[in-house]
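Quick notes on the structure that follows.
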Amino acid sequence: MKDSKFIPEGVERCPFPRFITWLGFLGLILLIGIIAAIKILWRGLGVTGLNNYFGFGLWITFDLAVIALGAGAFFSGFLRYILRIDELKNIINLAVIIGFLCYSGAMMILALDIGQPARAWFGYWHPNVHSMLTEVIFCITCYLMVLTIEYLPIILENRQINKSPLCKHMAHNFHVFMPLFAAVGTFLSFFHQGSLGGMYGVLFARPFVFRHGFFIWPWTFFLFILSAIAAGPMFTVLICSLIEKLTGKRLVEFRVKELMGKISGILLCIYIFFKIIDTWAWATGVLPKMGFTFDQMYNEVYGKWLLWTELGVCGVVPAIMLILPGVRKRSFLLHLAGILACVGIVINRFVFTVQSLAIPVMPFDKWHVYIPNWTEWATSIMVLAYGAIVISLSYRYLPVFPQERQLN
Amino acid sequence: MSGLMQIHHHFKVKWTMVIDIDKCTGCGACVVACEAENNIAPSPLPFNRLRSIHWLIIYKLTNGKEGAAYDEAYLPRPCMQCGNPSCASVCPVVATTKDEEGGIVSQIYPRCIGCRYCMAACPYHARVFNWFDPVWPQGMDKMITPYVSVRPRGVVEKCTFCHHRYQKAKEEARAKGKDPLKLEEGAYIPACVEICPTGALVFGDAMNPKHQVSSLIKSKYAFRLLEKLGTEPQVYYLSRRRWVREMADNHIKKQKKQEG
């Protein structure tokens, strides 16, 4: 293989031409996304499917979803480095890479989503301390830096790079200080996961999302944290299994995945318990005070099926599945529960972002339907392609999975 | 509703608009005056309200009945300049504020990053986004109002109660040695109020008993849009027709009975 000296010792990788073909395929998807991105930056957001009613659409849903699913990075880091659950060392590298991709991908999308990307830094220069979005801007950018620092030692461990004494020592020292970065990451991530929920909960003139809460934090603040840390670990497991399927290798012991499933299951149970109480309190308390009924929040497009799917099929069901050891032990059921949990979180972020804006608040207004166009889809898929490229390169050239040699 | 992030503002001067729906014919003169005064460029999608710029729009309301019982009304909707604006507290970059005497919610175009969070927060859809570059047909650019800044693509904008006219009125008052916070009735009125042929729009300082609006807002026929949400608009409506007043807010059946 042309690149064999870069591949970690003792592991096998697919032939170089096949790898390049795979990268070429992903690159093509990336290219379509880049064309769409250039069109958007050149001609403005008028080329997207967004409008004055749906100022938030596919992109914000996508961002919120990937940030929630990327929570596996900070939460696994917290469990591994702060609570010292040693078994997680076998999957923590992947969790960090996924976290990095989710956050950097979200930043790319945000750069397209805001009307004046050149002014993005105003969040630091003219911060409004009352805005949840300010806190999101602070924490997301800072946490991306933390994730970069966490990703760096994995890159420095590449066989060739690690030959340099400087890189070797840097990698070693980064590892020594990793608990500190994990703690900083946990703090930042906790807050912005919450603020993303708080962003909606404070909208006191939007009946679908407004919530009361504790001190300055609406209940959505806590629910978004809980849902992210519940789904994040299972998303890491799903990506790990997807890589295993594509490469035909065992990379992480099933026991570790089971443990991640157990962690997700417990958190999902706590989350879904509070989410159901929150939904009930919203339907019977918040809405009537605003003059609305529960039925008014749904129509034939954004129907109640979304709520039942989110809370039931993709909430209660995976929560129960994941806390049952017998179910967790079966690979198929573990993965099915993981997929359901992740879909549930995506639906949650979707309804908070899009459905909330579709509902007519003024009695003489009407429902609107949002349909994203190709530019939004292409750029969102571009981020997925970017993620797949970085994971492919990392898997091929970096020692991401400590158990790979032992398991194959 | 009481929100966690609500900030209540109190001013000595409160510029208030009172719109008598029963006098409004829906002619649209106010919309045209607003757009000419505030340098709103012709939209590339003029028939798509969701993608074009309008600071003031007119809703047609009907009582849902047929035949002789049918009735309709027109409801012009500028920015409500809420006393408790849902938009200002959420802006991450302080590009929209409620901090000036008069209570007009500002919009600082050079600072807006175009995140559209304020649009998501506003239940009245008073905020619009510049989806396209503003382009004026040749010659029309000569009609641009010099006191109103033009806005670039990618920022949010909204009705400002023709704030430049307020500035001008205050300057004139100062020049005459008068108190700019005690403007006489009619010294400052937005373009839409000035043009309205039926006098359906009345404008003034609700805190000044000499101004007509201070008594109009106390009328038993006066109401505001979505009062239950607690946004406390500075725009009031008048209608002697009960069905019109009921359409201003959401009522569940039980509340309807109590209110009836």
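These protein sequence lines are chains S and X, in that order.
If you count the first sequence from 1, position 125 lands on 125 in this note's numbering, and the numbers rise without skipping.
With positions in the second sequence counted from 1, the corresponding number in this note's numbering is that position plus 1000.
Ideal Cβ positions, reconstructed from N, Cα and C, are used throughout, including at glycine.
As the structure is a prediction and not an experimental result, all values here were calculated from the model.
Per DSSP, reduced to three states, the secondary structure at residue 360 of chain S is coil, with no helix or strand assignment. Counting only runs of 3+ residues, no beta strand (DSSP E) is found wholly inside the stretch 73-102 of chain S. Between the alpha carbons of residue 368 of chain S and residue 31 of chain S lies a gap of roughly 32 Å. The secondary-structure analysis by DSSP pairs residue 1060 of chain X across a beta bridge with X:1074.
The stretch 74-84 of chain S makes no contact with the stretch 1074-1090 of chain X: fewer than 3 CB pairs, one atom from each, lie closer than 8 Å.
Ranked by Cα distance from residue 326 of chain S, the options S:265, S:361, S:283 and S:15 are led by S:265. If you ignore the 5 residues before and after residue 6 of chain S, its C-beta comes within less than 7 Å of the C-beta of 158, 159, 160 and 397, all in its own chain and listed in chain order. Beyond the five residues adjoining it in sequence on each side, residue 190 of chain S comes within less than 7 Å, by CB distance, of 225 in the same chain, given in chain order. Leaving aside the five residues that flank residue 1164 of chain X on each side, the residues in its chain whose CB is nearer than 7 Å to its CB run, in chain order, 1147 and 1148. Chain-order list of chain S residues neighbouring residue 1228 of chain X: 289, 290 and 291, by C-beta distance under 8 Å.
Neighbourhood of residue 1132 of chain X in chain S, by CB distance below 7 Å: 44 and 46, in chain order.
Residues of chain S whose Cβ lies closer than 9 Å to the Cβ of residue 1128 of chain X are, in chain order, 52. Chain S has no Cβ within less than 8 Å of the Cβ of residue 1009 of chain X. The criterion of a C-beta distance shorter than 8 Å is not satisfied by residue 1057 of chain X and residue 1043 of chain X.
For residue 1252 of chain X, the nearest beta carbon of chain S is closer than 8 Å to its own beta carbon. Within the stretch 360-390 of chain S, the residues whose Cβ lies closer than 8 Å to any Cβ of chain X are, in chain order, 361, 362, 363, 364, 365 and 368. Residue-level contact by beta carbon holds for residue 115 of chain S and chain X, with a gap shorter than 8 Å. Residues of chain S whose Cβ lies closer than 8 Å to the Cβ of residue 1051 of chain X are, in chain order, 46, 51 and 52. Chain order gives the chain S residues near residue 1249 of chain X as 291 and 363, where near means a beta carbon separation below 8 Å.
Secondary structure of residue 245 of chain S (DSSP, three-state): helix. Short of 7 Å from the beta carbon of residue 134 of chain S, and not among the five residues preceding or following it, lie these beta carbons of its own chain, in chain order: 123, 127 and 128. In this structure, residue 1214 of chain X keeps its C-beta atom at 8 Å or more from the C-beta atom of residue 1238 of chain X. Residue contact check for residue 1224 of chain X against chain S: no CB pair falls below 8 Å.
Beta-carbon to beta-carbon, residue 46 of chain S and residue 1132 of chain X are separated by about 4 Å, close enough to satisfy the 8 Å threshold. With respect to chain X, the C-beta atom of residue 348 of chain S has no partner C-beta closer than 8 Å. Look at the stretch 1095-1113 of chain X: the residues with a C-beta under 8 Å from a C-beta of chain S are 1095, 1111, 1112 and 1113.
Where residue 7 of chain S is concerned, there is no enclosing beta strand (DSSP E), because DSSP gives it neither an H nor an E.
Taking a Cβ-Cβ cut-off of 7 Å, the neighbours of residue 56 of chain S in chain X comprise 1116 and 1120, given in sequence order. In the same chain as residue 1031 of chain X, and ignoring 5 residues on each side of it, the C-beta atoms closer than 6 Å to its own belong to 1056, in chain order. With respect to the C-alpha of residue 72 of chain S, the residue from S:58, S:92 and S:61 having the closest C-alpha is S:92. By DSSP's assignment, residue 1017 of chain X forms a beta bridge with X:1203 and X:1235. Close partners of residue 38 of chain S in chain X (Cβ separation under 8 Å) are lacking, with about 16 Å as the shortest Cβ gap. Per DSSP, residue 397 of chain S is one residue of the alpha helix (DSSP H) stretching across 374-397.
Rounded to whole angstroms, the gap between the alpha carbons of residue 272 of chain S and residue 320 of chain S is 10 Å. Collapsing the DSSP output to three states places residue 218 of chain S in a strand.
Around the beta carbon of residue 234 of chain S, a 10 Å sphere encloses 16 or more other beta carbons of the protein chains shown; the residue is thus reported as buried.
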